[in-house]
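Count along the sequence shown starting at 1, add 15, and that's the number in my numbering.
From the three backbone atoms N, C-alpha and C, an ideal C-beta is built for every residue, glycine too.
Data block below; observations after.
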Amino acid sequence: MSRLLFAASMLVAFMLSAEPLKLNTRARALSAVSGGKYEPLVRSVEWDPKKTAVIVCDMWDDHWCKGAAARVGEMVPRMDDVLRQMRARGVFVVHAPSTVTDFYKDTHQRKRAQTAPFVKPPVPLETKHERWGTCWLYPDPDREPANPIDDTDMGCDCKVKCKIEPPWKRQIAGLSIGPDDAITDNGQELWNLLAARGITQILFVGVHTNMCVLGRPFAIRQLAKLGLNVLLVRDLTDTMYNSQMRPFVSHYEGTDLVIQHIEKYWCPTITSADLVAKPAFRFKEDPRR
Ligand SMILES: [Zn+2]
């Protein structure tokens with residue numbers, strides 16, 4: 016009898032883990048109806064958790080911009096909720112804290128990435144353009160126009176401007192790292208990990224939309240070029256944008272403009288509401304409701 020109960024409970028556990036992720040994706044497409052303007056295109060999709068990874072981009076323990084660091088801290092509880100629930104559903108979690116993976120050099124999560132067997136990617140990975148300590152994918156003129164915000168001042172939105180001195184040493188401690196997770200900021204290591212697991216679908220969280228979320232070798236430009244099915248979780252990201260710069264909108268509207276740019280030219284987005292059954296995350300200083 017107890018053996019039968021055990022078998023039944025295993026079956027329930029299996030059925031729960033096999034439940035697909037139900038996602039409401041938003042892209043932007045040119046619409047003939049609206050006179051050739053971009054319009055939101057909303058679609059419901061179901062993803063197999065076993066073919067899905069969450070990538071956590073540059074959620075560092077600190078930032079040269081105090082405002083940016085505070086917003087990262089504010090996102091941590093919700094993001095960790097997402098990581099824990101996705102892990103429980105069988106989604107693979109990859110932590111990508113650029114330039115500080117050495118902090119984790121003795122962990123098996125870091126070694127898992129370093130020892131994953133080499134798999135040749137379908138397109139050559141970007142390896143050049145050193146920037147901020149790793150390779151970089153710059154805007155692709157064949158695919159996208161210029162960024163909709165001016166971030167040439169590096170985007171500190173604080174009243175007293177912060178000095179650009181990178182202080183980050185590790186990923187922020189409030190994000191859990193599970194025993195089956197991996198840690199890498201390297202495009203080839205990431206590809207090896209995904210290929211070994213048959214993963215073709217990516218949920219992308221972290222910062223910042225106008226910089227690392229697009230440009231890093233594990234981030235959206237590279238993932239899209241690899242032919243992966245990518246979704247940016249648009250309420251779990253932020254932008255390096257100074258509202259005193261063009262187009263002179265609030266910090267949060269600046270983020271929305273970059274998200275729209277990504278939805279037009281790179282990949283659709285979702286909110287974390289689809290992942291944790293709570294309302295989408297909002298920064299406390301975002302006045303819009
Ligand atoms: Zn600042």
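Rounded straight-line distance, which links the Cα of residue j to that of residue i
i: I277; j: A33; result: 30 Å
i: E180; j: G230; result: 20 Å
i: K293; j: D95; result: 13 Å
i: I235; j: G242; result: 11 Å
i: I285; j: G193; result: 24 Å
i: Q124; j: A111; result: 11 Å
i: W79; j: C177; result: 7 Å
i: S191; j: A68; result: 15 Å
i: R249; j: K174; result: 25 Å
i: P35; j: P64; result: 6 Å
i: L238; j: N244; result: 8 Å
i: P182; j: D77; result: 6 Å
Three-state secondary structure (DSSP) of residue i
i: C227; result: helix
i: A211; result: helix
i: L205; result: helix
i: T67; result: strand
i: F298; result: coil
i: T142; result: coil
i: V87; result: helix
i: T116; result: helix
i: A111; result: strand
Counted within 10 angstroms of its Cβ, other Cβ atoms place residue i as buried (16 or more) or exposed
i: L307; result: Since the displayed the chain opens at 16 and closes at 304, residue 307 lies outside it and no answer follows.
i: A44; result: exposed
i: P283; result: buried
i: P139; result: exposed
i: E61; result: exposed
i: S287; result: buried
Bridge partners - residue i, DSSP secondary structure assignment
i: N162; result: Looking at the DSSP assignment, N162 forms no beta bridge with any residue, so it has no partner.
i: K37; result: E61
i: E54; result: A44
i: L218; result: V69 and L246
contact_flag[the stretch 92-107, the stretch 160-170] where n(CB pairs < 8 Å) is 3 or more
no
Is there contact between the stretch 112-119 and the stretch 38-55, where contact requires at least three CB pairs shorter than 8 Å?
no
Evaluate contact between the stretch 214-232 and the stretch 255-272, counting only Cβ atoms and requiring at least three cross-stretch pairs below 8 Å.
yes
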